[in-house]
Amino acid sequence: MSGNSLLIPCFVAVPLAGAFLNSLVGRRVRALPEFLGALAAFILVGLSLMALQSVRADSVWVYQVGGWKLPLGISLVLDGLTAFMLVTVNAVAFAIVVYARDYMERYTSKDLFYTLLLLMLAGMNGVLIAGDLFNLFVFLEIAAVASYALVAFGTERHELEAAFKYGVMGSVASLFILLGIALLYGMTSTLNLADMSQSLAGHSEADLLLMVSALFLMGFGLKTALVPFHAWLPDAHPSAPAPISAMLSGVLIKCLGIYALSRIFFNVIGMSPRVLTLLMYWGALSMMAGVILAMGQRDLKRLLAYSTISQVGYVVLGLGLGTPLGFLGVVLHLFNHSIAKALLFLVSGALEYATGTRDLHNMGGLRSRMPVTHTASFVAAMSIAGMPPFGGFWSKLLIIMAAVEAGHLGFAVWAVIVSVLTLALFAGVMKNIFWGEPGLRWQGVREVPGCMQASMLALALFSLLSGTLLVPGIREKFLLQASAALAQGTNYAHMIMSQI
Amino acid sequence: MSLIVKTVTRLTAWLILLYGINIILHGHLTPGGGFAGGVIIALSFIHLTLAYGKDAVLRQLSKEAVHVWESVGALAFLAIALFGGAAGYFFANFLPAGEPFNLFSAGSIPLSNIAIGIKVWAGLFSIFLALVLLRINRGDK
Amino acid sequence: MIYFLCLVLLCVGIYGVLRKRNIIRMILGLIIAEHAINLLFVLIGYRLNGRAPILSPDGPILQMVDPLPQALVLTAIVIGLATTALLVALAMRLHGKYGTYDVARIRELKG
Chain A
1 MSGNSLLIPC FVAVPLAGAF LNSLVGRRVR ALPEFLGALA AFILVGLSLM
51 ALQSVRADSV WVYQVGGWKL PLGISLVLDG LTAFMLVTVN AVAFAIVVYA
101 RDYMERYTSK DLFYTLLLLM LAGMNGVLIA GDLFNLFVFL EIAAVASYAL
151 VAFGTERHEL EAAFKYGVMG SVASLFILLG IALLYGMTST LNLADMSQSL
201 AGHSEADLLL MVSALFLMGF GLKTALVPFH AWLPDAHPSA PAPISAMLSG
251 VLIKCLGIYA LSRIFFNVIG MSPRVLTLLM YWGALSMMAG VILAMGQRDL
301 KRLLAYSTIS QVGYVVLGLG LGTPLGFLGV VLHLFNHSIA KALLFLVSGA
351 LEYATGTRDL HNMGGLRSRM PVTHTASFVA AMSIAGMPPF GGFWSKLLII
401 MAAVEAGHLG FAVWAVIVSV LTLALFAGVM KNIFWGEPGL RWQGVREVPG
451 CMQASMLALA LFSLLSGTLL VPGIREKFLL QASAALAQGT NYAHMIMSQI
Chain B
1001 MSLIVKTVTR LTAWLILLYG INIILHGHLT PGGGFAGGVI IALSFIHLTL
1051 AYGKDAVLRQ LSKEAVHVWE SVGALAFLAI ALFGGAAGYF FANFLPAGEP
1101 FNLFSAGSIP LSNIAIGIKV WAGLFSIFLA LVLLRINRGD K
Chain C
2001 MIYFLCLVLL CVGIYGVLRK RNIIRMILGL IIAEHAINLL FVLIGYRLNG
2051 RAPILSPDGP ILQMVDPLPQ ALVLTAIVIG LATTALLVAL AMRLHGKYGT
2101 YDVARIRELK G
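As they're listed, the protein sequences go chains A, B and C. Under this note's numbering, the residue at position 272 of the first sequence is numbered 272, and the numbers go up by one with no gaps. Under this note's numbering, the residue at position 101 of the second sequence is numbered 1101, and the numbers go up by one with no gaps. Under this note's numbering, the residue at position 58 of the third sequence is numbered 2058, and the numbers go up by one with no gaps.
What follows is the structure, given as C-alpha cells:
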C-alpha cells in the first residue's frame, strides 16, 4: 500500500466534498452546481480507471482507515469486482450529470438536485469499497435516503406517492438487513467481511445461518425488486426526473441489491446449493413476470421500469448458476444493462422534454424530427433485446450457454423465450414512438439540446461496442477479474488477511 | 406561549446550549460527544422556537445561515479526514496525542467532535424548521 | 426472554406497517420495528454487570460491554432519524395534495 494509498477513500471523499460544497455555495453562484457535479463525476471516472489499472486478479488492495490494523479498524477493499462496478457506476453517473445540465433547466433548486445526486453517488461508491458490514449498511442507507428524496423531487401527487411507497419499502428492507447483521454479529463477534467469513467457516449453527440468509435474501431482494417484492419499482423509477430514473434503474439497484447480495453470499457466508437453486428460480420468475407486465404498459418509463425487473432476473439467474461462465455472463450483463437501461431512460427524458408526453400511443413518426434520439434509442433497445451485433446479445448468450453447460436446459429455453418477448416488446416501442407516419401534432418538435445529445450518443457507443470487451486481451483486464472475484468464493477472506 | 413558559425558556435555553457545548468539548473523555452534544444544542434552539414562535428565532438565525453551518460542519469533518490522509492514512491522527484525561488530548478526535456537533446541530434544526415551515427541504441528511 | 420481547416488538412494528391504513401509523410502525432491532443489537453486545467502554482514571476496566454494537446502533438511529424525517415530510406533502392520510385513497399509480 504505497502509491495508491489515498485512491480508495477518494471514491467517497470526492463526491461528498462536491455535494457539500454545492449546498454551501451552489445557490449563490449560477452554473456552479453543474460544474461541480461534472467535475466530481469526471474525477471519479478517472480514479475508477486508475483503480481498474492497478487491480490484479490474484490479489486485493486493502486500505486500513486511520492506520488501524485489519480485524479492528475500518477497512476498505478494492478487488476485481469492485473496480469493475466502480467503472460502470461512475461512467454512467458522468453521462447522467452531463445530460442533466440541460434537462434540469425545467426544475427549480438545481443545487439541491446535484447535492443529492452526489450524495447518492458517494453512497454507491461506499457500498462498493466497504470492507465491513457496518460501512456497507451505512453507505447503503445514504444512497437509499438520497434516492427517496430524489424520487420525490418533482413534488407532484404521483411523485410523492411513489416516493412514500419506495421509502416505506426501502426502510423495511433495511430493517431486515440490519437484523441479519445483528444476528451475524452475535454469531461471529466481528463485522469485518473477511474476518467474519473465516469465523463462519468454523461454525456449525446451520439453523441460525439459514435464518440470516433468509433475512438477507428478503432485504436485498426488496432492494433489487425481484418479483414478489417488486411493487415499488414501477412506481418509484418512472416518477423521478429522467436522469435520476436512469441512475436508479441503471446502477442503484445493482449496487445496493446485486452487488451487496453477491458479496455477502458468495464471499462471506459461502454459497449453498439451496440458495443457488432459489436464486435461479427467483431470477426466472422475475424475468418472465417483468416482461409480461411490461407488455401492458402505455407509459414509456413505466414499461422501462418493468423491463428492468426482467433484465435483473437474467443477472440473478446467472448468479444462481454458480459457474465461472455464468459469472462472466452476469458481469457483462450488469455492464450492458447499466448502460443500455440508463440510455433508454435518458431517451424517455429527451422525448418528454421535446414532446411533453410519455404515452406510447400518443407518439409516432418522431424519427425524422429527432434523429439522434432515434439512433440512441435504437441501439439501446436492440442491446436490451439481445440482437446480435449489440452488447446485450453477447451477455445473454453467455448466460444461456452457461445454463446449458450446467445442465439446466429448461432455464436456457426459458431465457430464450423471455429474450424473444423482450425483442417483441421493444420493437413495439420503437414502432410506436419513432417509426410510421409523423403526426401533425409533432411537426414543431425539435431535437433536444447538445449536452443531452452528446451524453446519449456516448452511451450508445458504449452499448454498441461492449461486445468487444469479450475479445481476448481486453477480457482479462475488465471482465475476468470481476467474475474471478465472484468465483473465488470464501477464498476472499484469505486474500484479504494475507495482505496485512 | 404563556409568560411562565417564556420566562423559564429565557433562563434555561442558555444553560441547555452551554451543556451541549460542554458535552461536545468533553466528548473524548466522558460519554457523549459530537452527536449527543449537537442534538442538545439543537434542542435549545427548538425550545426557543416553541416558546417564542418561529419568527422570533428566524430573525436571529435565518434558514440560510443554518444551511451554511450544516455544510461547513460536513466539510470540516471531511477536511480533518483528509488532513489525516496527508499524515499517512485517511482519518489518521495528525496531532500530538497528549496526556489521557486532559481536555487537550486525544489528537484530532475533539476536532472531529466539534465538526460533527456543528453538522448535527444544523442538520437537526433545519429538519425541524423544514417541518415547521411546511416547506420541505430535501437536502436534510 | 428479552430477545423474545424484541421479536414481539418487531412483529408489532411490521404489523403496523402492513395493516394500518393511516400513513402516520405506518411511519410509527416503522419506527417501532426499527427500535426493536436496535434494542436487540445493543443487547447482543451487553455483558452482565458491564461498564461503559471508556478509559477511566481508576485503573483498567475488566467488565466492559461491547462498544461496537453501540456505535452501529447510534449510526442506525441517526439513519432512522433521517428516514423518518423524510417520510414525515412526504406525508405532510401528501396530505397537502390528496387531503387525506388514508393509503386506500392515495393510490393513483397502479398497473
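Built from N, CA and C at the ideal position, the CB exists for glycine as well.
Would you report the Cα separation of residue 493(A) and residue 2008(C), rounded to the nearest angstrom? The residue given as residue 493(A) occupies position 493 in the first sequence. The residue given as residue 2008(C) occupies position 8 in the third sequence. Cα to Cα, the separation comes out at about 36 Å.
Does DSSP put residue 415(A) in a helix, a strand or coil? Position 415 of the first sequence holds residue 415(A). Shown here, residue 415(A) sits in a helix according to DSSP, grouped into three states.
Are residue 60(A) and residue 496(A) closer than 8 Å when you measure CB to CB? Here residue 60(A) refers to the residue found at position 60 of the first sequence. Here residue 496(A) refers to the residue found at position 496 of the first sequence. For residue 60(A) and residue 496(A), yes; Cβs fall inside 8 Å.
For residue 77(A), is the classification buried or exposed, using 16 other Cβ atoms within 10 angstroms of its Cβ as the cut-off for buried? Here residue 77(A) refers to the residue found at position 77 when the first sequence is read from its first residue. Per the 10 Å Cβ criterion, buried.
Hey, is residue 110(A) close to the ligand SAM, as in C-beta under 7 Å from one of its heavy atoms? What this structure holds is no ligand at all, so the ligand SAM is not there to describe.
Using a Cβ-Cβ distance under 8 Å, would residue 75(A) count as near chain B? Indexing the first sequence from 1 puts residue 75(A) at position 75. Chain B, which has no Cβ nearer than 8 Å to the Cβ of residue 75(A), makes this no.
Three-state secondary structure (DSSP) of residue 196(A): Walking along the first sequence from the start, residue 196(A) turns up at place 196. DSSP, read as helix, strand or coil, puts residue 196(A) in helix.
For residue 1143(B), which option in 1066(B), 1045(B), 1072(B), 1044(B) has the closest C-alpha, if you only look at C-alpha atoms? Past the boundaries of the shown model lies residue 1143(B); chain B is included only from 1001 to 1141, so the question cannot be answered.
Look at the Cβ atom of residue 177(A), then the Cβ atom of residue 219(A), and state whether they are nearer than 8 Å. Here the question's residue 177(A) lines up with position 177 in the first sequence. Here the question's residue 219(A) lines up with position 219 in the first sequence. Pairing residue 177(A) with residue 219(A) gives a Cβ-Cβ distance under 8 Å.
8 Å Cβ cut-off: residues of chain A touching residue 1071(B): As a first step, residue 1071(B) is located in the second sequence; it is residue number 71 there, counting from the start. The contacting residues are 20, 21, 23, 24.
Does the CB of residue 304(A) have a neighbour CB from chain B at under 8 Å? By 1-based counting over the first sequence, the position of residue 304(A) is 304. It does not: the Cβ of residue 304(A) has no partner Cβ on chain B nearer than 8 Å.
Sub-8 Å separation of residue 432(A) and residue 391(A) beta-carbons: As a first step, residue 432(A) is located in the first sequence; it is residue number 432 there, counting from the start. As a first step, residue 391(A) is located in the first sequence; it is residue number 391 there, counting from the start. No. Outside cutoff.
Rounded to the nearest angstrom, what separates residue 109(A) and residue 1063(B) at their Cα positions? Position 109 of the first sequence, counted from the first residue, corresponds to residue 109(A). Position 63 of the second sequence, counted from the first residue, corresponds to residue 1063(B). Each residue's alpha carbon lies about 15 Å from the other.
Excluding the 5 residues flanking residue 298(A) on each side, which residues of the same chain have their C-beta closer than 8 Å to its C-beta? By one-based count along the first sequence, residue 298(A) stands at place 298. So the qualifying residues of the chain are 359, 360, 361.
With H, G and I counted as helix, E and B as strand and the rest as coil, what does DSSP make of residue 237(A)? The residue you call residue 237(A) lines up with position 237 of the first sequence. Three-state DSSP puts residue 237(A) in a helix.
Determine the closest residue to residue 171(A) out of 2040(C), 2104(C), 2004(C), 2035(C), with distance taken between C-alpha atoms. What you label residue 171(A) is simply residue 171 of the first sequence in a count that begins at 1. Distances from the CA of residue 171(A) to each of 2040(C), 2104(C), 2004(C), 2035(C) were compared; the closest alpha carbon is that of 2035(C).
Residues of the segment 2060-2076 of chain C with a CB closer than 8 Å to any CB of chain B: list them in chain order, please. Within the segment 2060-2076 of chain C, the residues whose Cβ lies closer than 8 Å to any Cβ of chain B are, in chain order, 2074.
What residue range is occupied by the uninterrupted alpha helix (DSSP H) comprising residue 61(A)? Position 61 of the first sequence, counting from 1, holds the residue named residue 61(A). Not the alpha helix (DSSP H): residue 61(A) falls in the beta strand (DSSP E), residues 61-64.
The segment 125-139 of chain A: which residues have C-beta closer than 8 Å to a C-beta of chain B, in chain order? From the segment 125-139 of chain A, no residue has a Cβ closer than 8 Å to chain B.
Would the beta-carbon of residue 445(A) fall within 8 Å of that of residue 375(A)? Stepping through the first sequence from its first residue, residue 445(A) is reached at position 445. Stepping through the first sequence from its first residue, residue 375(A) is reached at position 375. Not closer than 8 Å, so no.
Per DSSP, what kind of secondary structure is residue 1055(B) in: helix, strand or coil? Walking along the second sequence from the start, residue 1055(B) turns up at place 55. Correct three-state label for residue 1055(B): helix.
Backbone secondary structure at residue 12(A) - three-state DSSP: If you number the first sequence from 1, residue 12(A) lands on position 12. If DSSP states are grouped into helix, strand and coil, residue 12(A) belongs with the helices.
For residue 1047(B), would you say it is in contact with chain A, using Cβ-to-Cβ distances shorter than 8 Å as the test? Indexing the second sequence from 1 puts residue 1047(B) at position 47. Output row for residue 1047(B): interface = no.
Would you call residue 1141(B) buried or exposed, if buried means 16 or more other Cβ atoms sit within 10 Å of its Cβ? Here residue 1141(B) is taken as the residue at index 141 of the second sequence, counted from 1. Caution is warranted here: a pLDDT of 36 is assigned to residue 1141(B), below 50, making its placement in the model unreliable, and the coordinate value is therefore given only provisionally. Residue 1141(B) comes out buried.
Just grab the DSSP bridge partners of residue 77(A) for me. The count along the first sequence starts at 1 and reaches residue 77(A) at position 77. 62(A).
At least one CB of chain C closer than 8 Å to the CB of residue 117(A): is that the case? Translated into the one-based positions of the first sequence, residue 117(A) becomes position 117. Chain C contact via Cβ: absent.
DSSP beta-bridge partners of residue 299(A): Here residue 299(A) corresponds to residue number 299 of the first sequence, with the count starting at 1. DSSP output for residue 299(A) lists 359(A) as bridge partner(s).
Give the straight-line distance between the Cα atoms of residue 3(A) and residue 11(A), rounded to the nearest whole angstrom. Locating residue 3(A) in the first sequence gives position 3, where the first residue counts as 1. Locating residue 11(A) in the first sequence gives position 11, where the first residue counts as 1. Note that residue 3(A) scores a pLDDT of 45, beneath 50, so its modelled location is shaky; the value from the coordinates is reported in the next line. Taking the straight line from one Cα to the other gives about 16 Å.
For chain C, check one thing: does any of its Cβ atoms lie closer than 8 Å to the Cβ of residue 1077(B)? Within the second sequence, numbered from 1, the residue matching residue 1077(B) stands at position 77. So no, residue 1077(B) is outside the interface.
Quick one: does residue 173(A) have its CB under 8 Å from some CB of chain B? Along the first sequence, read from residue 1 onward, the residue named residue 173(A) stands at position 173. No, its Cβ sits nowhere closer than 8 Å to a Cβ of chain B.
Limits of the unbroken alpha helix (DSSP H) element including residue 226(A): Counting from one through the first sequence, the residue named residue 226(A) turns up at place 226. DSSP places residue 226(A) in no alpha helix (DSSP H); its state is neither H nor E.
When the Cα of residue 91(A) is compared with those of 340(A), 404(A), 395(A), 472(A), which residue comes out closest? For this step, residue 91(A) is matched to residue 91 along the first sequence. Shortest Cα-Cα distance from residue 91(A) to any of 340(A), 404(A), 395(A), 472(A) involves 340(A).
Starting from residue 481(A), trace the alpha helix (DSSP H) both ways and give me its first and last residue. Along the first sequence, one-based indexing puts residue 481(A) at 481. Note, residue 481(A): alpha helix (DSSP H), 481-487.
Mind checking if residue 225(A) is an interface residue toward chain C, Cβ cutoff 8 Å exclusive? Within the first sequence, the letter at position 225 stands for residue 225(A). No, its Cβ sits nowhere closer than 8 Å to a Cβ of chain C.
Helix, strand or coil, according to DSSP, for residue 102(A) in the structure here? Reading the first sequence from its first residue, position 102 is the one you call residue 102(A). Residue state for residue 102(A) is assigned as helix, using DSSP reduced to three classes.
Do residue 1041(B) and residue 1017(B) have their C-beta atoms within less than 8 Å of each other? Translated into the one-based positions of the second sequence, residue 1041(B) becomes position 41. Translated into the one-based positions of the second sequence, residue 1017(B) becomes position 17. Yes, these two residues count as a Cβ contact at 8 Å.
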